[in-house]
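Reminder that position 252 of the sequence shown reads as 338 in my numbering, one-by-one numbering, no gaps. Just so it is clear, CB atoms sit at the ideal spot from N, CA and C, and this is done for glycine as well.
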Amino acid sequence: MPQRVRWGIVGVGDVTERKSGPAFQQADRSELVAVMRRDAAKAADFAARHAVPRWYDDADALIADPEVDAVYIATPPDSHRDYVERVAAAGKPVYVEKPMARTATECRAMIDACETAGVPLFVAYYRRAMPRFEIARELISGGRLGEVRSVIIRTQHPGPDLSGGLPWRLDPQVSGGGLFVDLGSHTLDWLDHVFGPVTEAAGRASHPLAGPGSVETVVSASFRFAGGVSAVGLWDFDAAERVDRIEIIGTEGSLALSSFGPEPLMLTSGGVTEEIAAPYPDVVQRPLVQGIVDVLTGRAHTAVSTGESALRTASVVDAVLADYRAEHGISF
């Protein structure tokens, strides 16, 4: 086992500026030694601003770099499978941004490639490791709510500004879907972490954002988890007001929290509501990156977010969007 992990990043865009990039430099026994972007000037600029020793404009060159031990892929989802397969073929561990890929089929191919190569595959569903969400999970598992039987999810955002064209996150051929895929998957994945795999999922998507064949705007869904918990969710990404709320309901209390905000957790029991501080870390991916480094350096056996766990989330997204994709001719 290595004593340190030297990371390379393929695709240094917005997510790597604050959410993930600094995590590889701040985690114990970890360093960021190389970055890649097809635009050489932007790759060089990122490396200079973040004190990264080397930069590339060719992914294969970074992957082949003998001083890169593991690779983080931070490109859009349509390229994840290709890059994961290249890194696996080079015999290096790989950490890929979420959503893991556009479909569960692509996710399975990525897992197979890593298993064949004998390298681990991790996915950036970082809420599984964030202290904020660990506090919530411990309240639930510790019995503060009694027996949990139901979950309600409600996510609303005002509509996006499309005056500058369609961003890649809203191009289904690149992203796999709309903001339900990009943002909603975070919530679904964390609930999988808390309650176990989803055993039943059904849903409907509607209101194409930019005409037929474009991404969905409104999604409603129902789920049942392996432990018997039932959940319903509504996501609307062209709404008048912003709402971000998960409510977990038990026989002795309830817990309300947001997926994307730093507000306190709200624990209600016996008619009394308690606010529990649970702020975000400065670098949101650092706790998960630290866990991955611990695995790669032999200090831990497993990480909380792997290809297998992310495959489950992709399968739920596929089930919810299946009818919409068929209706609008969206295929991959």
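Asked	Found
Under 7 Å, do isoleucine 239 and isoleucine 362 count as touching if we go by C-beta distance?	no
Please confirm whether leucine 207 and valine 180 have their CB atoms less than 7 Å apart.	yes
Are there 16 or more other CB atoms within 10 angstroms of the CB of leucine 248, so buried, or fewer, so exposed?	exposed
Using three-state DSSP, classify alanine 160 as helix, strand or coil.	coil
Identify every residue that forms a DSSP beta bridge with glutamate 286.	Arg310
Any contact between the segment 307-321 and the segment 244-258? By contact I mean 3 or more CB pairs, one from each, below 8 Å.	no
Secondary structure at alanine 363, three-state DSSP: helix, strand or coil?	coil
Hey, aspartate 146 and arginine 290 are a contact pair by Cβ (cut 8 Å); roughly how many whole angstroms apart?	Their Cβ separation, rounded to whole angstroms, is 42 Å, which puts aspartate 146 and arginine 290 out of contact at 8 Å.
Check this for me: beta carbons of threonine 399 and leucine 274, under 7 Å apart or not?	yes
Can alanine 176 and isoleucine 197 be called in contact, C-beta distance under 7 Å?	no
Let me make sure I understand the geometry here. Which of Ser271, Leu277 and Gly336 has the alpha-carbon closest to that of valine 305?	Ser271
Where do the ends of the beta strand (DSSP E) carrying glutamate 333 lie?	329-336
So, glutamine 91 versus valine 379, is the Cβ gap smaller than 7 Å?	Sequence inspection shows valine at residue 91; the glutamine mentioned does not correspond to that position. It is a contact, given that the beta carbons lie within the stated cut-off.
Where does glycine 319 sit, in a helix, a strand or coil, going by DSSP?	strand
For valine 304, write down the residues that DSSP places opposite it in a beta bridge.	Ser292 and Asp322
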